[in-house]
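Just below is one structure, and these are the notes that go with it.
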């Protein structure tokens, strides 16, 4: 494995462990909106590196996580945060599996059936977040749909 990719995997694993800890805390205290913001900042580091290294699916999943965590923090809706935290737990596990594959010299990609599951959950969550406009994540519903479409297209091209 390339040294840069190996370092990316090592650093990302540390970040993923930090993300798990943040989510554990949010599960106990869903009104800790600051932790959702910290989650977004940390997952942004994985997103940037994944996109730079052309691990497109990893980058897109990380981008979804970043956007959803920031927007749900701005919602100040603890009922929504409970749902978002469940999705983010699953997304972190998906990223861990992708890193396992990458470290085993396998493609760091998801099965098409699982992509459909992720997209349906994202559709549910984003429908509850589109009213939130914040400069750092000021995206519209169409932008999330475009990102989801890109993700879906990447899965079909493999």
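Residue numbers (the working numbering): 5 to 162.
Positions of the beta carbon are idealized from the N, C-alpha and C atoms, including for glycine.
Here the structure is a predicted model, which is why all the values come from computation and not from measurement.
Where does residue i land, buried or exposed, given buried means 16+ other C-beta within 10 angstroms?
| i | result |
| --- | --- |
| residue 71 | buried |
| residue 128 | exposed |
| residue 46 | buried |
| residue 14 | exposed |
| residue 124 | exposed |
| residue 67 | buried |
| residue 108 | exposed |
| residue 18 | exposed |
| residue 126 | buried |
Under the assumption that residue i contacts residue j (Cβ atoms under 8 angstroms), give the Cβ distance between them as a whole number of angstroms.
| i | j | result |
| --- | --- | --- |
| residue 93 | residue 27 | 5 angstroms |
| residue 65 | residue 95 | 6 angstroms |
| residue 30 | residue 20 | Not quite, the Cβ-Cβ distance comes to about 15 angstroms (not below 8 angstroms), so this is no contact. |
Measure the alpha-carbon distance for residue i versus residue j and round it to whole angstroms.
| i | j | result |
| --- | --- | --- |
| residue 87 | residue 9 | 33 angstroms |
| residue 106 | residue 49 | 18 angstroms |
| residue 164 | residue 91 | A question about residue 164 goes unanswered here, because the residues of the chain that appear run from 5 up to 162. |
| residue 89 | residue 7 | 33 angstroms |
| residue 59 | residue 113 | 8 angstroms |
| residue 23 | residue 43 | 6 angstroms |
| residue 81 | residue 12 | 34 angstroms |
| residue 110 | residue 79 | 38 angstroms |
| residue 37 | residue 69 | 15 angstroms |
| residue 122 | residue 61 | 12 angstroms |
| residue 120 | residue 99 | 16 angstroms |
| residue 84 | residue 104 | 30 angstroms |
What do you reckon, is the C-beta of residue i under 7 angstroms from a heavy atom of the ligand FMN?
| i | result |
| --- | --- |
| residue 111 | The model depicted lacks the ligand FMN and carries no ligand whatsoever. |
Where do the ends of the alpha helix (DSSP H) carrying residue i lie?
| i | result |
| --- | --- |
| residue 68 | 60-79 |
| residue 48 | 37-56 |
| residue 23 | 7-32 |
| residue 97 | 82-107 |
_Using 8 angstroms as the cut-off, can you tell me whether the stretch 69-85 makes contact with the stretch 52-61, which would need three or more C-beta pairs spanning the two stretches below that distance?_
Put simply, the stretch 69-85 does not touch the stretch 52-61. Fewer than three CB pairs are less than 8 angstroms apart.
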